[in-house]
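K.L.:
Residue numbers (full-length UniProt numbering): 1 to 730.
#1: Between which residues of its own chain and residue 249 is the CB-CB distance below 8 Å, once the five residues before and five after are set aside?
#2: Anyone know if the C-beta pair for residue 366 and residue 399 falls short of 8 Å?
#3: Can you tell me which of the three DSSP states residue 734 falls into?
#4: In angstroms, rounded to a whole number, what distance separates the CA positions of residue 197 and residue 139?
#5: Less than 8 Å between the CB atoms is what I'm expecting for residue 530 and residue 520, so what's the real figure, rounded?
#6: Would you call residue 327 buried or exposed, if buried means 16 or more other Cβ atoms sit within 10 Å of its Cβ?
#7: Quick check on this structure: which residue in 229, 259 and 4 has the alpha carbon closest to the alpha carbon of residue 300?
#8: Once you ignore the five residues that flank residue 182 on each side, which residues in its own chain have a CB closer than 6 Å to its CB?
#9: Just to confirm my understanding: we take residue 613, look at its own chain, exclude 5 residues before and 5 after, and list those with CB closer than 7 Å. What are they?
#10: Which residues does DSSP list as the beta-bridge partners of residue 386?
#11: Classify residue 169 as helix, strand or coil using the three-state DSSP reduction.
#12: Is residue 393 near residue 406, with beta carbons less than 8 Å apart?
#13: Can residue 164 and residue 192 be called in contact, C-beta distance under 8 Å?
#14: By DSSP, does residue 685 sit in helix, in strand, or in coil?
#15: Does the segment 483-490 come close enough to the segment 510-517 to have 3 or more Cβ pairs within less than 8 Å?
#16: Ends of the beta strand (DSSP E) at residue 440?
#17: Is it true that the segment 99-116 meets the segment 222-230, where meeting means three or more beta-carbon pairs spaced less than 8 Å apart?
#18: So the beta strand (DSSP E) residue 602 belongs to, where does it begin and stop?
#19: Can you tell me which of 601, 475, 663 and 353 puts its alpha carbon nearest to the alpha carbon of residue 722?
#20: Is the beta carbon of residue 464 closer than 8 Å to that of residue 458?
#21: Taking contact to mean at least 3 C-beta pairs separated by less than 8 Å, is the segment 19-31 in contact with the segment 52-63?
#22: Whole angstroms is fine: what's the gap from residue 479's alpha carbon to residue 378's?
#23: State the start and end residues of the unbroken alpha helix (DSSP H) segment that holds residue 529.
#24: Helix or strand or just coil, what does DSSP make of residue 697?
#25: For residue 364, count neighbouring C-beta atoms within 10 Å of its own C-beta (all shown protein chains included) and say buried if the count is 16 or more, exposed if not.
#26: Which residues in the same chain have their Cβ closer than 7 Å to the Cβ of residue 499, if we skip the five residues on either side of it in sequence?
#27: What would DSSP say about residue 652, mapped onto helix, strand or coil?
#28: Considering residue 420, what are the terminal residues of the beta strand (DSSP E) in which it resides?
#29: May I have the straight-line CA-CA distance separating residue 412 from residue 425, to the nearest angstrom?
#30: Based on the DSSP secondary-structure assignment, which residues constitute the bridge partners of residue 544?
#31: Terminal residues of the continuous alpha helix (DSSP H) containing residue 189?
#32: Any chance the segment 69-77 sits against the segment 24-33, with 3 or more Cβ pairs inside 8 Å?
#33: Straight-line CA distance for residue 576 to residue 617?
#34: Am I right that residue 179 and residue 229 are in contact with their C-beta atoms under 8 Å? What's the rounded C-beta distance?
#35: Closer than 8 Å by C-beta to residue 632: which residues in its own chain qualify, once you throw out the five before and the five after it? Chain order, please.
#36: For residue 140, does the three-state DSSP call read helix, strand or coil?
If you want it as structure tokens, here you go:
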């Protein structure tokens, strides 16, 4: 059968994506196309994964293999040379097509014209089916519509006329590895008069970036390479373009790219200036036709200074542009005026050596390791000034002696500007800038079971992507001067997950766990805690503390939880002897409805100190939560209710330990078997005693009950060092 269309797929070390990309071709509802695959010297498992995927795919395939990596342009050119159908398109090996894409394109090719279709950013669930009404097409003249080609930067998802490409010897430049598409598109546009434009319909999705450190580069050096490549590619495109409208569009594109790339609010704009000012001085003269209409006079002046090689003055203008924006926010009393003041006046001179600021779980409550560090320091070093950040200033659980600051207020920015020491158990916003004379102690909030940050392959969180999540996490950890670790196991993981060096990790145990070591047999304290929670003293306590699911959420940033335990059945089975405390993860937003079980089930999600809940609990039920490691200090029985174990381990985050062999208790996957386990809890405690001891030795042996004192004294020593340095300077 003679086909109309060929799909060209070059790949190089795409093992993370190639299966999904090829599967999207296998899943096409219309298989009347040819396929050319070009292995551009891959050294990973891409080829093996590819052939495994194609094992049961009966379509004839052209397979080209390079003995070394020549680059994307070279690989694409090889693909073009082997195209024998009237039309062809490119699919990058980290992207996917929706199932109806090729069928739609083939139907449109009854008019033998180039087809331009949109490229959509990564989404977790690409559209599988499309209503015909969603597919809006228009026949467009190339004249006046050149921007539909130029603005996309990519040749992907364009159906090219093979005869035009071959006849005019249109090929990609081998030297450019990132932006060679622009010159190819301009060369192609010269030879067409019209094309079919598809609007909005999502047929082509860019693949998700899993590793931003090799794809979305974080360093200024990497940006230098990307921007330089872009400039040279655009210069080449300008030489190729003989259409004044196309040249004008390219110049506008370059001007806007410079505007974005040297935006005054960027944290690395100074480094960008230093590495690229010479290149910019060569480029800017070519922008003269479009600079005439530039309305932002300071920006225009800045570029003029670069052109005449007055780089220091140009950067000063760049800083002035930023300062004027901030002043405008302050003068006009904009909602972000407090943050604008912080940005404008946040200098090292503002830092006060005797000020320490604490925050727990983003200001949610007074809790966790920051609480225990504060309580030790408040007693040991009362002359220092301590402040706490809270979202809810009226929270009755906050002790009266705590100096409270409203999160996001003017005082919030002032305290982070002047505090010598920051103590937090979770990430602080990237907008809070740590100065060289400030010290940030990150306590973190648990021994890791689930993969974290850099160790996660994919991230399924609302309003982010894997690349953005990892990039922001990386930037957050660059401010951490020290990270507290509870054991050697965690220290090793923190190095890979949080990009931490061993000298920055304090392996001392968690301050919040001191009480589990020093008060685990304190009957008086346990009696007091039970009384505060209205738990009868003769009742035993089950604590249920599950984790959150990355993919269960309602509104952005708010996670939900569906309780899978049959509370009625559980109450019937053990209610005479037990109560159950339900402690949801701090990220869970939805409230539990327990009105039918008021004397049996108690929601303690808002109880600030989980360590005290451990002390009164006779056994723990959890799933994939790090609470298991803290509870292991007590050597009491644990049951693991993992009703979605397959999904959680495979599709979400994965584990650092072997969930089936390393736990100190049995795993249950349904409510009924869990209840049977609770009825036989004494037998379980006896049977699993060896595992409980081994678990304690591996994860809890570092906990000696003095972590809060250690870190409190450590902080005070740092403050003293700073004081001595100031005196010596005087």
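Backbone N, C-alpha and C fix where the C-beta goes; we use that ideal spot for every residue, glycine too. The structure displayed is predicted, hence computed values, not measured ones.
P.N.:
Straight from the coordinates:
#1: Residue mapping note: residue 249 aligns to position 249 of the chain shown, counting from 1. Excluding positions up to five away in sequence, the list reads 146, 147, 150 and 151.
#2: For the purposes of this step, residue 366 is identified with residue 366 of the chain shown, where counting begins at 1. For the purposes of this step, residue 399 is identified with residue 399 of the chain shown, where counting begins at 1. Yes, the Cβ-Cβ distance between residue 366 and residue 399 is below 8 Å.
#3: No answer is possible for residue 734: it lies beyond the span of the chain, which begins at 1 and ends at 730.
#4: Residue 197 sits at position 197 when you count from the first residue of the chain shown. Residue 139 sits at position 139 when you count from the first residue of the chain shown. The straight-line gap from Cα to Cα measures roughly 6 Å.
#5: In the chain shown, residue 530 corresponds to position 530, counting from 1. In the chain shown, residue 520 corresponds to position 520, counting from 1. Actually they are not in contact, since the Cβ atoms of residue 530 and residue 520 sit about 15 Å apart, beyond 8 Å.
#6: For the purposes of this step, residue 327 is taken as the residue at position 327 of the chain shown. So residue 327 counts as exposed.
#7: Working through the chain shown from its first residue, we reach residue 300 at position 300. Of the listed residues, the one whose Cα sits closest to residue 300 is 259.
#8: The residue you call residue 182 lines up with position 182 of the chain shown. For residue 182, where only same-chain residues beyond five positions count, the Cβ hits under 6 Å are 233 and 237.
#9: Residue 613 sits at position 613 when you count from the first residue of the chain shown. Excluding positions up to five away in sequence, the list reads 543, 581, 583, 604 and 607.
#10: The residue you call residue 386 lines up with position 386 of the chain shown. In DSSP, residue 386 forms a bridge with 356.
#11: As a first step, residue 169 is located in the chain shown; it is residue number 169 there, counting from the start. Here residue 169 sits in coil by DSSP.
#12: Against the chain shown, residue 393 aligns to sequence position 393. Against the chain shown, residue 406 aligns to sequence position 406. Yes, the Cβ-Cβ distance between residue 393 and residue 406 is below 8 Å.
#13: In the chain shown, residue 164 corresponds to position 164, counting from 1. In the chain shown, residue 192 corresponds to position 192, counting from 1. The answer is yes: Cβ separation under 8 Å.
#14: Here the question's residue 685 lines up with position 685 in the chain shown. If DSSP states are grouped into helix, strand and coil, residue 685 belongs with the helices.
#15: yes
#16: The sequence position of residue 440 within the chain shown is 440, counting from 1. Looking at the DSSP string, the run of the beta strand (DSSP E) that includes residue 440 is 439-442.
#17: no
#18: Looking up residue 602 in the chain shown gives position 602. Segment 601-603, the beta strand (DSSP E) holding residue 602.
#19: Position 722 of the chain shown, counted from the start, is the residue given in the question as residue 722. The residue with the shortest Cα to Cα distance from residue 722 is 353.
#20: Numbered from 1 along the chain shown, position 458 holds the residue referred to as residue 458. Numbered from 1 along the chain shown, position 464 holds the residue referred to as residue 464. Not a contact, by the Cβ cut-off of 8 Å.
#21: yes
#22: Your numbering for residue 479 matches position 479 in the chain shown. Your numbering for residue 378 matches position 378 in the chain shown. Roughly 25 Å between the two C-alpha positions.
#23: Along the chain shown, read from residue 1 onward, the residue named residue 529 stands at position 529. Residue 529 -> alpha helix (DSSP H) spans 523-532.
#24: Within the chain shown, numbered from 1, the residue matching residue 697 stands at position 697. Helix at residue 697.
#25: Locating residue 364 in the chain shown gives position 364, counting from the first residue. Under this definition residue 364 is a buried residue.
#26: Here residue 499 refers to the residue found at position 499 of the chain shown. Counting only Cβ-Cβ distances below 7 Å, and skipping sequence neighbours, we find 454, 474 and 477.
#27: Within the chain shown, numbered from 1, the residue matching residue 652 stands at position 652. Note on residue 652: pLDDT 49, under 50, position unreliable in the model; the coordinate value appears next. DSSP places residue 652 in helix when its eight states are reduced to three.
#28: Mapped onto the chain shown, residue 420 falls at position 420. Note, residue 420: beta strand (DSSP E), 419-424.
#29: Numbered from its first residue, the chain shown carries residue 412 at position 412. Numbered from its first residue, the chain shown carries residue 425 at position 425. Distance between the alpha carbons of residue 412 and residue 425: 17 Å.
#30: Reading the chain shown from its first residue, position 544 is the one you call residue 544. 582 and 621, per the DSSP bridge assignment.
#31: Reading the chain shown from its first residue, position 189 is the one you call residue 189. Counting along the chain, the alpha helix (DSSP H) containing residue 189 begins and ends at 180-189.
#32: no
#33: Your numbering for residue 576 matches position 576 in the chain shown. Your numbering for residue 617 matches position 617 in the chain shown. If I take the Cα positions, the gap works out to 16 Å.
#34: Here residue 179 corresponds to residue number 179 of the chain shown, with the count starting at 1. Here residue 229 corresponds to residue number 229 of the chain shown, with the count starting at 1. The pair is a contact, with the Cβ atoms about 6 Å apart (cut-off 8 Å).
#35: In the chain shown, the residue the question calls residue 632 occupies position 632. Here the set comprises 638, 664, 692, 695, 696, 699 and 700.
#36: As a first step, residue 140 must be located in the chain shown, where it is residue number 140. Three-state result, residue 140: strand.
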